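The structure appears below as structure tokens.
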Amino acid sequence: MIPACPLAALPRGEALRVETDPPIAVFHTEDGELYAVDDTCTHQDASLADGWLEGCEVECPLHASRFDLRTGRVDAPPAKLPVRTHQVVVQDETVYIVPSDLPPNLPPGVRTGSA
1 MIPACPLAAL PRGEALRVET DPPIAVFHTE DGELYAVDDT CTHQDASLAD
51 GWLEGCEVEC PLHASRFDLR TGRVDAPPAK LPVRTHQVVV QDETVYIVPS
101 DLPPNLPPGV RTGSA
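Read in the UniProt record's numbering, the sequence shown has 97 at position 97, and its numbers run on one by one without any break.
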């Protein structure tokens with residue numbers, strides 16, 4: 001598990017970027033749910049943590065693609081590939097990420113440090 005932040009440091013309706021490879025965005029919805037997805041839009045290199053959170057969806061700040069935080073599914077173009085999701089665990093008031101074993105869907109030209 002990767003420690004992301006204290007739960008109190010991530011208010012409802014906010015997101016934060018965790019510097020992993022590739023980076024992961026953690027979202028705290030207005031309903032109190034926590035979700036984690038790769039922080040890079042699958043269409044073009046943009047941080048989803050800088051996007052707009054509405055319900056369980058995040059809108060990319062670059063071209064307005066929307067992703068369902070529960071499944072990673074694309075809900076609005078121009079992105080075509082889903083974003084990879086990760087499990088979130090809260091333990092002792094700390095938010096942790098359990099990284100997915102699946103490969104990331106990164107946009108063209110973006111590579112991980114291990115690739």
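The beta-carbon is built from N, C-alpha and C at its ideal position, and this holds for glycine as well.
Note that the structure is a prediction, hence the values are computed from the model and not measured.
Whole-angstrom C-beta distance between residue j and residue i, which should lie under 8 angstroms
i     : j      : result
Leu48 : Val83  : 7 angstroms
Thr40 : Leu106 : 6 angstroms
Ile97 : Val90  : That belief does not hold up - the Cβ atoms of Ile97 and Val90 are roughly 11 angstroms apart, past 8 angstroms.
Range covered by the beta strand (DSSP E) that runs through residue i
i      : result
Val74  : Val74 to Ala76
Glu19  : Unbroken run through Glu19: none, as it is neither H nor E.
Leu34  : Leu34 to Asp38
Asp68  : Arg66 to Asp68
Val90  : Thr85 to Gln91
Ala25  : Ile24 to His28
Val110 : It is not in any beta strand (DSSP E) - Val110 carries neither H nor E in the DSSP assignment.
Coil, strand or helix - residue i by DSSP
i     : result
Asp50 : helix
Ala79 : coil
Member of the options whose CA lies at the smallest distance from the CA of residue i
i      : options                         : result
Ala36  : Arg111, Val95, Gly113 and His86 : His86
Leu53  : Leu10, Gly113 and Glu30         : Glu30
Arg111 : Asp75, Gly72, Glu93 and Pro22   : Pro22
Ala64  : Ala76, Thr71 and Gly55          : Ala76
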